[in-house]
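Visitor: Okay, here's the structure, questions in a sec.
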DNA sequence: AGACAGGGGTAGG
DNA sequence: CCTACCCCTGTC
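In my numbering, the protein residues as written are 69 to 337.
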């Protein structure tokens, strides 16, 4: 199936550290989310995919968002205008909340390569096999299906295994869905009751899966970049987050994605 | 080759 | 504020 998408860059979006379960094969990205395996590629404004529905693609990549409007607003900020031009088409994804929650618990003191490995190992140990063309992988377990802590530990999660195990015992799909209807503040507060979820991880879940677009996750990259752009070397993560939300409001999350992307690219030539 | 540091933070002192 | 934390990976 083919659809048109203006102002969308598949590569920048998928490879910007918000999504971890994909395999690249030529121009195709084979993407895994919960029980679905689909493939997708882009040529200009044409998006081609198979293995899932149009609705899923539109929602997952935020193609129904008022992206142009957000960019226009952010672009008034001279500090951002340059990176927006450079990475135009980079979107905030709207992923499955449960899988997002686990991904970012796994992200603590880790790196993208290892997060991808962890997620693949969790799926392989608990999920069912999926096949599309000659690419295989596994479904992601549902909340409640990660009750064997030893099995989790075997997924190279280290100290994170206990966090994920705890989340598995607390969270349901229904509860997570409800968080998208609550306010950003309430959703974040609820998430932070779960072990292994504090400010940064909660903001990632809010932003990448619950539609709380003002969430502004502050990791070390964002911290360094914001200190540099706004010349405040002593700013602490909380100050930076509040500064950003005050400055960019509902577009703060999108601003974060651009700043993060640029910071990572500057340091990984 | 084998040791060593460090990486998308968090919780507990 | 400070530190330990599991484990993979890159580097010396």
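Where is the CB? At the ideal position from N, CA and C, for every residue including glycine.
Keep in mind that this is a model prediction, so the values were computed, not measured.
1. Given residue 216, which residues of its chain have a CB within under 6 Å of its CB, disregarding the five upstream and five downstream residues?
2. Can you tell me whether residue 223 is buried or exposed? The criterion is at least 16 other CB atoms within 10 Å of its CB, across all chains shown.
3. Between which two residues does the beta strand (DSSP E) holding residue 244 run?
4. By the three-class DSSP mapping on this structure, what secondary structure does residue 135 have?
5. For residue 106, does the three-state DSSP call read helix, strand or coil?
6. Enumerate in chain order the residues of its own chain whose CB-to-CB distance from residue 90 is below 8 Å, with the five nearest sequence positions on each side excluded.
7. Around the Cβ of residue 195, are there at least 16 other Cβ atoms within 10 angstroms (buried) or fewer (exposed)?
8. I need the DSSP call for residue 277, collapsed to helix, strand or coil.
9. Are there three or more Cβ pairs, one per stretch, closer than 8 Å when the stretch 154-161 is compared with the stretch 124-136?
10. When DSSP labels each residue in this structure, what does residue 171 get in the three-state scheme?
11. Kindly indicate the opening and closing residues of the beta strand (DSSP E) around residue 205.
12. I need the straight-line Cα distance from residue 185 to residue 234, nearest angstrom please.
13. Taking the straight line between their C-alpha atoms, what separation do you get for residue 109 and residue 125?
14. Count the other C-beta atoms from every protein chain shown that fall within 10 angstroms of the C-beta of residue 86, then say buried if there are 16 or more, exposed otherwise.
15. Among 147, 115, 104 and 145, which has the Cα closest to the Cα of residue 74?
16. Run through DSSP, which three-state label would residue 97 get?
17. Could you have a look at residue 90 and say whether DSSP puts it in helix, strand or coil?
18. Given that a residue counts as buried once 16 or more other Cβ atoms are within 10 Å of its Cβ, and exposed if not, what is residue 288?
19. Going by the CB atoms, is the gap between residue 270 and residue 256 shorter than 8 Å?
20. Less than 8 Å between the CB atoms is what I'm expecting for residue 304 and residue 281, so what's the real figure, rounded?
21. Have a look at 275, 93, 302 and 242 and flag the residue whose alpha-carbon is nearest the alpha-carbon of residue 349.
22. Quick one: what does DSSP say residue 183 is sitting in, helix, strand or coil?
23. In this structure, how does DSSP classify residue 158 when only helix, strand and coil are distinguished?
24. From this set, 277, 127, 179 and 219, which residue's C-alpha is nearest residue 246's C-alpha?
25. Indicate the three-state DSSP secondary structure (helix, strand or coil) for residue 71 in the structure shown.
Guide: The relevant details are as follows:
1. none
2. buried
3. Unbroken run through residue 244 is the alpha helix (DSSP H), 241-249; no beta strand (DSSP E).
4. helix
5. strand
6. 82, 97, 98, 99 and 100
7. buried
8. helix
9. yes
10. helix
11. 203-206
12. 21 Å
13. 12 Å
14. buried
15. 115
16. strand
17. strand
18. exposed
19. yes
20. So it is not a contact: roughly 23 Å between Cβ atoms.
21. As displayed, the chain neither begins before 69 nor continues past 337, which places residue 349 out of reach and without an answer.
22. helix
23. coil
24. 277
25. strand
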